[in-house]
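S.K.: The structure that follows is given in the form of structure tokens.
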Amino acid sequence: MDDLRLAVRLGRASAAAYTARPVLLLTGLVGAALAVGIEVLGVVLLLGQFGRLGGWDVHEVALLLGLVECGLSFAVAAGYSLETSTFAALVTGGEFDAVLTRPLSPLLWVLSRDVQPRELGRLAVGAATVVWGAHGAGVRWTPAHVGLAVLSVGCCATVLLAIHILGAAVTFRTGQGTEFVNAFIFGGATLASYPLQVFDLSLRVVFTYLVPVALTVYVPALVLLDRPGAPWAGRSLLPLVPVAAAGVLGAAVFAWRGGVNHYQRSGG
Amino acid sequence: MPTAYLRLLAAGFRQQSRSAYANLGGLVTNVFFGVVRSAVFLALYRQRRAVAGLDVTAVLTYVWVVQALFSVVYPTWQWEFARRVRSGDLAVDLVRPGDLWLATGAFDLGRNLSQLLLRSSLPLLGAALLLHLRLPTTPPGIAALLLAFGLAAVLSFEFRFLQECTAFRTPDYRGFGRLLLFPAYFLAGFVIPVDFFPPELQAVARVSPVYGLLAGPVHVAQGMHVLASLAVQVGWVLVGAVGCRLVLARSLRRVVYAGG
Amino acid sequence: MRPAVEVRGLRREFRQRGRPPVVGVDGLDFDIAPGEFVGYAGPNGAGKSTTVKMLAGILLPTAGRVLVDGLVPWRDRRRLTLRMSVVFGQRSGLWWELPLRESFELVGRLYRLPAGDAATRLAELVDGLGLGPLLDRPVRVLSLGQRMRAELAAAVLPRPAVLFLDEPTIGLDVEAKAVVREFLRRRNAAEGTTVLLTTHDLDDITALCSRLMVIDTGRLVYDGTVEALRAAYGTERVLVVDLADTPAAFAVPGATLTRAEGRRRWLSFPRTVSAAAVIERVLAAYDIADLTLEEPDLEDVIRRIYRGEARPERNRS
Chain A
-6 MDDLRLAVRL
4 GRASAAAYTA
14 RPVLLLTGLV
24 GAALAVGIEV
34 LGVVLLLGQF
44 GRLGGWDVHE
54 VALLLGLVEC
64 GLSFAVAAGY
74 SLETSTFAAL
84 VTGGEFDAVL
94 TRPLSPLLWV
104 LSRDVQPREL
114 GRLAVGAATV
124 VWGAHGAGVR
134 WTPAHVGLAV
144 LSVGCCATVL
154 LAIHILGAAV
164 TFRTGQGTEF
174 VNAFIFGGAT
184 LASYPLQVFD
194 LSLRVVFTYL
204 VPVALTVYVP
214 ALVLLDRPGA
224 PWAGRSLLPL
234 VPVAAAGVLG
244 AAVFAWRGGV
254 NHYQRSGG
Chain B
18 MPTAYLRLLA
28 AGFRQQSRSA
38 YANLGGLVTN
48 VFFGVVRSAV
58 FLALYRQRRA
68 VAGLDVTAVL
78 TYVWVVQALF
88 SVVYPTWQWE
98 FARRVRSGDL
108 AVDLVRPGDL
118 WLATGAFDLG
128 RNLSQLLLRS
138 SLPLLGAALL
148 LHLRLPTTPP
158 GIAALLLAFG
168 LAAVLSFEFR
178 FLQECTAFRT
188 PDYRGFGRLL
198 LFPAYFLAGF
208 VIPVDFFPPE
218 LQAVARVSPV
228 YGLLAGPVHV
238 AQGMHVLASL
248 AVQVGWVLVG
258 AVGCRLVLAR
268 SLRRVVYAGG
Chain C
164 MRPAVEVRGL
174 RREFRQRGRP
184 PVVGVDGLDF
194 DIAPGEFVGY
204 AGPNGAGKST
214 TVKMLAGILL
224 PTAGRVLVDG
234 LVPWRDRRRL
244 TLRMSVVFGQ
254 RSGLWWELPL
264 RESFELVGRL
274 YRLPAGDAAT
284 RLAELVDGLG
294 LGPLLDRPVR
304 VLSLGQRMRA
314 ELAAAVLPRP
324 AVLFLDEPTI
334 GLDVEAKAVV
344 REFLRRRNAA
354 EGTTVLLTTH
364 DLDDITALCS
374 RLMVIDTGRL
384 VYDGTVEALR
394 AAYGTERVLV
404 VDLADTPAAF
414 AVPGATLTRA
424 EGRRRWLSFP
434 RTVSAAAVIE
444 RVLAAYDIAD
454 LTLEEPDLED
464 VIRRIYRGEA
474 RPERNRS
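Protein sequences, first through last, are from chains A, B and C.
FYI, the numbering used here numbers position 72 of the first sequence as 65, with every residue one higher than the one before it.
FYI, the numbering used here numbers position 117 of the second sequence as 134, with every residue one higher than the one before it.
FYI, the numbering used here numbers position 139 of the third sequence as 302, with every residue one higher than the one before it.
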């Protein structure tokens, strides 16, 4: 816990350092906001033409998209140093040696080294999208519903960050960044921003039970929207959401430790 | 002298071909996005036959052409030129004989053609077989599609080159890049087909410089507005060439002055 | 007293695909006493950084035993990180974009230093290294020399019992090197910090180290004082004589004339002959304008050890 507090402090400091480059920070913030903005605009225009997607209207789909983007913003902000090529360079360049001489868990040290404040732009537009979508869909913001939205964002961020960590764990062994990670992070996030019932059973099962990105967003959204959900991914899975997120993170941390051990055994 | 640029083009092609399958993950990412977006459109079209002039086959064609072209529009080597500018490595290129812009462009085009031929075409061909996409089958149609793809690669270079020239002026060039990129991609039809845009926005998109990056080749593949699409592409390729040269000339003057 | 660093039979192999393993470090034995300042030299690939990595807990050994400040580095890595600092010459442990002051503050927190104590100590270090004017600048804009001074301050801030320095003066100009050396010398003297200094720069070693270990192809080929190395394996000493006028012939018993240029003569003589005796003979026979005595170059001595021309017996273990 002490480690975590320290890491939060270090992460805050590294994010705050970007204020020394206001132009980069500002363009980054607006850019990240635009990245979400075009997705939202896409959903609005698309459903303007088609009316409904898998039975959901534009507000309901927007709610999903907003939740995913909020989760993604935290995962990208925290996992920036694990980004495939950056992390591969850290490992192959021997810089990870220095990480191991610090009095902090190596994972927390790496994560806290570069926290991206520009992701606040994504978070802001994502949150606004959630509010707009929920309003249009008639969601009443009871404390329980607010808690549910927060749980969803937190668990979604956890799962996406865990995928990042898993990718980094592989990099310890291969010495290369793997783009597969992006298929799961950004591909998974994209998939989770649509109602799950439009996908094949196989995709549904993979992204609900194996890489539970969709689970963490779709199932809480079902409860918020008071909808039953797709077979194999119904709202009764709600208790599974935090369990699955914690489980995936645990597995990722375990794999990371294995990666660090491998690094210490092989000499990088 | 032109043979020198052809050599560079060939060198770029060879360099990229060597690592064509090194990054399988990138290919998998492309395919995965294609699958997700196909599923979404299939669901949307479950109760509809045609929307805004597009039927489901046309839209699936859109999905997979965009996936094929995206690695050309935003290649892995984006920002390489800008990095050379910032690091000062560009000085090495400047003392070489020949024209810097043509040399950079020839090499870039070579890499992108390799990307298209060896890599991006694979998911597109796979999808064409599995999903019965609407791709041209007549020789003139195929020729038009290849031309549209080639022009997209040239346009992609010009578009990126102009962005990367901001590195001459500011170390924060990537921030400005992001600012421009997302609206540009949207306008080019990356998120949804331009045919689904409201009429006014569609009119703008149809003649915009980024039309030729994605939406233009998509239209050529679908067999819609073929000649108009190619004309817009050619027009912006020419304008882009003039623009690149002017911007580069001005930027280099600044560098020379600044360097004393 | 317990040694600060204890190494026994330390061995490290690197496996290679389809080929026999390469031995990086092959049976090292040494102790470093608390407060010792030890230089660690050797050609590239000799096993220097492999050794340091094992001492710092970054790399697991294939065989052997290591205790650093009483801890097994790879097993107690986290505990050891609080008592040991490592400075890698080419890598930064500071925060690139943060003002130096904040970087130091974060280091203080990282090592759980009481805030007041950290501030007093930092003021002292900043003073000693002349970092005052730099405190508000981000590390990114510091010159290499300024950055290295900052890295050193950060490294000694938590009062490590053991300090591993990997090429700390590489790429620095003469002045910066002098500042770094003076700082290290004082810290070692004042606080009794145990220092292991890996370097290619033999001036670092002559200026700082009471003891030198030389490693080649994974084995220690020398472990002893710098003077002893010079005395035992040094080339002959050289007396440079500037004559007042040009004599017809120049010869000095017990010394060999190796070079002549204008009125200058180079005389070399073995260590068994005293310099005073040679000088006396020269003064007696010739009219002298100036005299200089040149000690053998340490670099030259070590180069000869690497080449196998001089294979000293280990005179300490």
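Cβ coordinates follow ideal geometry from the N, Cα and C atoms, glycine included.
When you compare the CB of A161/A with every CB in chain C, is at least one pair closer than 9 Å?
M.R.: no
S.K.: So, is E458/C buried or exposed, given that buried needs 16 or more other C-beta atoms within 10 angstroms?
M.R.: exposed
S.K.: Between which two residues does the beta strand (DSSP E) carrying R374/C extend?
M.R.: Looking at the DSSP string, the run of the beta strand (DSSP E) that includes R374/C is R374 to D379.
S.K.: Based on Cα-Cα distance, which residue from E424/C, D408/C, V445/C and L383/C lies nearest to R454/C?
M.R.: Correcting the residue identity first, residue 454/C is Leu in this sequence and not Arg. Selected option, being the one with the closest Cα: V445/C.
S.K.: Starting from G30/A, trace the alpha helix (DSSP H) in both directions and tell me its first and last residue.
M.R.: P15 to F43
S.K.: Quick check on the DSSP output: what are the complete alpha helix (DSSP H) runs of length 4 or more inside the stretch 313 to 360 of chain C, in order along the chain?
M.R.: With a minimum length of 4 residues, the continuous alpha helix (DSSP H) runs that stay inside the stretch 313 to 360 of chain C are 337 to 354.
S.K.: At a CB-CB cut-off below 7 Å, which residues of chain A make contact with R195/B?
M.R.: T20, G21 and G24
S.K.: Hey, V92/A and V108/A: beta-carbon distance below 9 Å or not?
M.R.: no
S.K.: So, does the CB of V102/B fall closer than 9 Å to a CB anywhere in chain D?
M.R.: Absent here is chain D; the protein component of the structure consists of chains A, B and C.
S.K.: Is there a Cβ from chain A that is less than 9 Å from the Cβ of G277/B?
M.R.: Only weak support exists for where G277/B lies, its pLDDT of 37 falling under 50; the value from the coordinates is given anyway. No, no contact with chain A.
S.K.: Is the beta carbon of Q180/B sitting closer than 9 Å to the one on L168/B?
M.R.: Cβ atoms of Q180/B and L168/B: not closer than 9 Å.
S.K.: In the stretch 30 to 63 of chain B, which residue ranges form an unbroken alpha helix (DSSP H) of at least 4 residues, counting only runs that do not cross its ends?
M.R.: For the stretch 30 to 63 of chain B, whole alpha helix (DSSP H) runs of length 4 or above, ordered along the chain, are 41 to 61.
S.K.: Please report the distance separating the alpha-carbon of A370/C from that of R103/B.
M.R.: When rounded, the separation of the alpha-carbon atoms in A370/C and R103/B is 40 Å.
S.K.: Give the DSSP bridge partners of L420/C, in chain order.
M.R.: L430/C
S.K.: Can you find the residues in the same chain that come closer than 6 Å, C-beta to C-beta, to H242/B, ignoring five residues on each side of it along the sequence?
M.R.: Closer than 6 Å at the Cβ level, and outside the excluded window around H242/B, lie H236.
S.K.: Could you run through the stretch 248 to 272 of chain C and flag, in chain order, every residue whose CB is less than 7 Å away from some CB of chain A?
M.R.: Residues passing the 7 Å Cβ filter: V249, F251, R254, G256, W258, E260, L261, E265, L269 and R272.
S.K.: Of the residues S137/B, T187/B, A28/B and V221/B, which one's Cα is nearest the Cα of G122/B?
M.R.: It is A28/B.
S.K.: Does any CB atom of chain C fall closer than 9 Å to the CB of L11/A?
M.R.: According to the sequence displayed, residue 11/A carries Tyr and not Leu. For Y11/A, the answer is yes, since a Cβ of chain C falls inside 9 Å of its Cβ.
S.K.: Which stretch, first to last residue, makes up the beta strand (DSSP E) that contains D405/C?
M.R.: R400 to L406
S.K.: I need the straight-line Cα distance from F176/B to F49/B, nearest angstrom please.
M.R.: 27 Å
S.K.: Per the DSSP calculation, W49/A is bridged to which residue(s)?
M.R.: Answer is L46/A.
S.K.: Using a beta-carbon distance cut-off of less than 7 Å, what residues from the stretch 66 to 96 of chain A approach chain C?
M.R.: E88, D90, A91, L93, T94, R95 and P96
S.K.: Run the CB neighbour count on L184/A, radius 10 Å, all protein chains shown included, and call it buried at 16 or more, exposed below.
M.R.: Classification of L184/A: buried, given that the 10 Å Cβ count is 16 or more.
S.K.: Using a Cβ cut-off of 9 Å, which residues of the stretch 220 to 236 of chain C contact any Cβ in chain A, in chain order?
M.R.: G220, I221, L222 and L223
S.K.: Please list the terminal residues of the continuous alpha helix (DSSP H) segment that includes D106/B.
M.R.: It is not in any alpha helix (DSSP H) - D106/B carries neither H nor E in the DSSP assignment.
S.K.: Hey, out of V221/B, V251/B and T187/B, whose CA is closest to P234/B's CA?
M.R.: V251/B
S.K.: Give the secondary structure of N478/C by DSSP, where H, G and I count as helix, E and B as strand, and everything else as coil.
M.R.: Unreliable positioning characterises N478/C in this predicted model, as indicated by a pLDDT of 43, which lies under 50. A coordinate reading is not provided.
S.K.: Would Y203/C count as contacting chain A if we go by Cβ distances under 9 Å?
M.R.: no
S.K.: Quick check on the DSSP output: what are the complete beta strand (DSSP E) runs of length 3 or more inside the stretch 125 to 194 of chain B, in order along the chain?
M.R.: none
S.K.: I'd like to check one pair, F251/C with E330/C: are the Cβ atoms closer than 9 Å?
M.R.: yes
S.K.: Report back the beta-carbon spacing between R241/C and P96/A to the nearest angstrom; my notes put them in contact at under 8 Å.
M.R.: 7 Å
S.K.: Taking the DSSP output, what are the residues bridged to Y203/C?
M.R.: T361/C and M376/C
S.K.: With C-beta atoms as the reference, is G160/A less than 9 Å away from A55/A?
M.R.: no
S.K.: Taking a contact to mean a Cβ-Cβ separation below 9 Å, would you say S42/B touches F173/A in this structure?
M.R.: It is Gly, not Ser, that sits at residue 42/B in the sequence shown. Their beta carbons are under 9 Å apart, which means G42/B touches F173/A by this criterion.
S.K.: If I measure Cβ to Cβ from L257/C and keep anything under 7 Å in the same chain, skipping five residues before and after, which residues do I get?
M.R.: S266, V302, A313, E314 and A317
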